[in-house]
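*Asks:* One structure follows; several queries about it will come next.
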Amino acid sequence: MTRREEEEEAGEASASSTPRREEGRRQEEEEASETSTSLTSRREKEEEVGSVAQMQYRTKIFSILDRVLVALATVKLAAMMASSFASADPLLGSARRD
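Anchor point for the sequence shown: position 80 equals 80 in the UniProt record's numbering, and the numbering is continuous, going up by one each time.
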């Protein structure tokens, strides 16, 4: 075999391996893209879960604050009513005037 024939055979071999290499690169790129997409979607889901948990926490805090405010208002109303009854004259049934 001459050198030229060897070069032609080497060229044919590399030409046939080039599409294989390109196909392999495409597969690697697709896998990398899928991995990137799945990581991105996972991060988005984690952020959504985090924001939902934060909203639930805030709702719980506001619920507790609401209960505390209602309890304080009830205590204040009871104190006002007790004060009003204490200042009333039991015999006359009317409020005492100072």
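Think of the CB as a built atom: it goes at the ideal place given N, C-alpha and C, for glycine as much as any other residue.
(1) So for Thr-2, helix, strand or coil by DSSP?
(2) Tell me which same chain residues have a C-beta within less than 8 angstroms of the C-beta of Glu-48, skipping the five on either side of it?
(3) Please list, in chain order, all residues of the same chain as Ala-78 whose beta carbon is under 7 angstroms from its beta carbon, the five residues on each side excluded.
*Replies:* Considering the structure as presented:
(1) coil
(2) none
(3) none
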